[in-house]
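Just so we're aligned, residue 1 is where the sequence shown starts under the UniProt record's numbering, counting upward by one. Take a look at the structure set out below.
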Amino acid sequence: MSLEIWLATAPILLLISFGPGPNNFTAMYNGIRAGVGAALIGVIGRNIAFSILMLISALGLGAIVISSPFWFNALKWLGVVYLFFIGIKMWITASDNLNAMESEGVLIASSHMARMRQEFVIAISNPKAILIFTAIFPQMLVLDAPMAPQFAAMGATFIVTEFIAAFGYALGGRQLRRLIRSPKGMTNLNRGMGSIFVVASAFLAASTSM
């Protein structure tokens with residue numbers, strides 16, 4: 001991939017990465033609860049999922065998935081259920097005082113693996129991700145040039161832009177943290193973020209089925 005083409009496609013990929021969605025809201029929530037560094041570790045799970053989906057698309061299997069009503073809808077409803085589960089879990093979480101949590105070392109002891117797993121499941125169960133890699137990526141390829149190096153370059157760039165976007169959301173969450181150092185603030189946070197995930201699951205459920 002030439003530098004000129006890369007410079008033209010990288011901003012598009014960055015805009016896609018910065019789009020509001022469950023993964024970015026998860027990064028923001030993790031930024032609030034555990035800090036920017038912990039949130040970015042969680043993003044590793046997201047990018048593992050995206051790497052798998054990009055490989056599937058590169059092998060041509062993505063076209064099979066999005067053209068199969070069964071597999072497309074199965075993936076879609078897996079995402080719906082998981083997003084709804086996360087939203088309800090946030091709603092019923094007891095309010096936490098962040099100062100008390102820090103003094104007890106709760107935030108430090110929280111599981112990086114759990115955050116990675118959550119980001120992974122959200123990303124891998126989102127059929128829109130396969131649509132991006134199967135429908136949008138090919139539009140940016142030069143047909144008279146080798147496909148594999150171009151797809152690899154775009155994939156690597158997308159991984160980087162995902163980290164950049166997640167950093168932005170996590171940093172924003174970290175800045176909000178000073179507003180929620182009370183039990184009431186944490187309760188409002190849990191309910192607000194929980195509502196976002198429930199609404200996201202509803203939008204995904206209402207999206208056009210195949």
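The beta-carbon is built from N, C-alpha and C at its ideal position, and this holds for glycine as well.
Whole-Å CB distance - residue i paired with residue j, under 8 Å assumed
i      : j      : result
SER17  : THR161 : 4 Å
ALA49  : PHE120 : 5 Å
GLN118 : THR26  : 6 Å
ALA123 : ARG46  : 5 Å
TRP91  : GLY172 : Going by Cβ atoms, the distance from TRP91 to GLY172 rounds to 22 Å, so no, they are not a contact pair.
ILE132 : LEU14  : That pair is no contact at about 13 Å.
ALA166 : LEU40  : 6 Å
SER57  : ILE130 : 7 Å
ALA38  : HIS112 : 6 Å
Run of the alpha helix (DSSP H) containing residue i, from where it starts to where it stops
i      : result
PHE151 : 147–176
PRO138 : Note, PRO138: premise wrong, no alpha helix (DSSP H); not H, not E.
LEU131 : 127–131
Helix, strand or coil at residue i [DSSP, three-state]
i      : result
LEU204 : helix
PRO20  : coil
GLY35  : coil
LEU59  : coil
SER111 : coil
SER195 : helix
SER2   : coil
MET90  : helix
ALA8   : helix
SER68  : coil
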